[in-house]
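Asks: Just dropping this structure here.
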Ligand code: GLU
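Residue numbers (our numbering): 124 to 430.
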């Protein structure tokens, strides 16, 4: 059965969400994102949801989730409760994956990370040219899964080897048959520009694995639609990923939300903050005597005027 979903009507109330992954402690970058969402929800008179993106069972832990909820409550952001927890909705993602499979757009690949690395090196040596990388700097899929016969695939699955389920990117794009765009809005929700989406730059992205019937890309798209999210407000680091999300929305027949990719807070080394940097962790700042208003100042959001 298809995930039937009516298009979002712009007269419906705005719905925003903050969607952290409980694989470490929240830091100032998360605070900025949560506060940006809260500010826009308030301006638009909309709803503010919290989603726990915990499909990665090896990295996500309940104690991180508890700490996250405590940090957000301390910041004073009023999310609707309870949050949606992705690990509780695997069947919904499996269904979406089935829809893509029914379109002939999914295949299994059995190469390990090491094997893929070696394949890339082989191709680079053979052609004298560097193998293309995706916007995150990861080499595009260089394996042979797309060309496997059904018998080879069944044999691979029966052997018990781990596998990834990938999107046939070129076929998916040509199936759509028209240019893809998304609309970027400003902090008031006003249209800034239409952005041309280029999902091809990600290659045959992984949409699920042997032991998890989904991936970040698939579950974020399904949940944003099922939760009627109208405005997706998240960091600039996810700007390029939006191209994959727009493609999946179109293939699955889901509504198109508006997007705002906000600035990032960078560490002293000029890189994006990471969950392992204790100095910018909200819990550490709180323990050091910072108030929620101090956090707002540190990330450049004034809760008195911005929220
Ligand atoms: N769960 C993602 C993260 O923590 C954010 C997903 C999103 O906002 O689309 O980076």
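From the three backbone atoms N, C-alpha and C, an ideal C-beta is built for every residue, glycine too.
For residue 197, name the three-state secondary structure that DSSP assigns.
Replies: If DSSP states are grouped into helix, strand and coil, residue 197 belongs with the helices.
Asks: Does the region 212-222 touch the region 337-350, meaning 3 or more C-beta pairs lie closer than 8 Å?
Replies: The answer is yes - the region 212-222 touches the region 337-350, with three or more Cβ pairs under 8 Å.
Asks: Thinking just about the alpha-carbon of each residue, which of 167, 221 and 260 is nearest to the one in residue 363?
Replies: The residue with the shortest Cα to Cα distance from residue 363 is 260.
Asks: Verify the contact flag: residue 361, CB atom, against every heavy atom of the ligand GLU, threshold strictly below 7 Å.
Replies: For the ligand GLU, at least one heavy atom lies less than 7 Å from the Cβ of residue 361.
Asks: Looking at residue 177 and residue 209, is the spacing between their C-beta atoms short of 8 Å?
Replies: In this structure, residue 177 lies closer than 8 Å to residue 209 by Cβ.
Asks: Does the region 277-284 touch the region 240-250, meaning 3 or more C-beta pairs lie closer than 8 Å?
Replies: Contact fails: fewer than three Cβ-Cβ distances are below 8 Å.
Asks: Exposed or buried, what is residue 315 when buried is set at 16 or more other beta-carbons lying within 10 Å of its beta-carbon?
Replies: The residue is exposed, with fewer than 16 neighbouring Cβ atoms inside 10 Å.
Asks: Let me check one thing: in DSSP terms, what residues is residue 353 bridge-paired to?
Replies: Bridge partners of residue 353: none, in fact.
Asks: Going by the beta-carbon positions, is the gap between residue 328 and residue 367 smaller than 8 Å?
Replies: Against a cut-off of 8 Å, the Cβ pair of residue 367 and residue 328 comes out as a contact.
Asks: I'd like to know whether the C-beta atoms of residue 323 and residue 296 end up nearer to each other than 8 Å.
Replies: In this structure, residue 296 lies closer than 8 Å to residue 323 by Cβ.
Asks: Mind reading off the beta-carbon distance from residue 388 to residue 151? Whole number of angstroms is fine, and I expect it under 8 Å.
Replies: With a Cβ gap of about 5 Å, residue 388 and residue 151 count as contacting.
Asks: Determine the direct distance from the alpha carbon of residue 418 to that of residue 238, and round the result to whole angstroms.
Replies: Whole-angstrom Cα-Cα distance: 45 Å.
Asks: I want to check one thing, is the minimum distance from the CB of residue 253 to the heavy atoms of the ligand GLU below 7 Å?
Replies: No, the beta carbon of residue 253 sits no closer than 7 Å to any heavy atom of the ligand GLU.
Asks: Looking at the structure shown, is residue 116 part of a helix, part of a strand, or coil, going by DSSP?
Replies: For the chain, the structure presents residues 124 to 430; residue 116 sits outside this window and is missing.
Asks: Give me, in chain order, the residues of the same chain whose beta-carbon lies closer than 6 Å to that of residue 309; leave out the 5 immediate sequence neighbours on both sides.
Replies: Same-chain partners within the cutoff: 315.
Asks: Residue 414 to residue 189, Cα distance in whole Å?
Replies: Near 20 Å, if we compare the C-alpha coordinates of residue 189 and residue 414.
Asks: Under 8 Å between the Cβ atoms of residue 395 and residue 360?
Replies: Against a cut-off of 8 Å, the Cβ pair of residue 360 and residue 395 comes out as a contact.
Asks: Helix, strand or coil: how does DSSP classify residue 308 here?
Replies: Strand.
Asks: What residue range is occupied by the uninterrupted beta strand (DSSP E) comprising residue 378?
Replies: Neither: residue 378 is in no beta strand (DSSP E) and is coded neither H nor E.
Asks: Quick one: Cα of residue 326 to Cα of residue 254, how far?
Replies: Rounded to the nearest angstrom, the two C-alpha atoms are 12 Å apart.
Asks: Going by other Cβ atoms of all chains shown within 10 Å of its Cβ, with 16 needed for buried, is residue 138 buried or exposed?
Replies: Result: buried.
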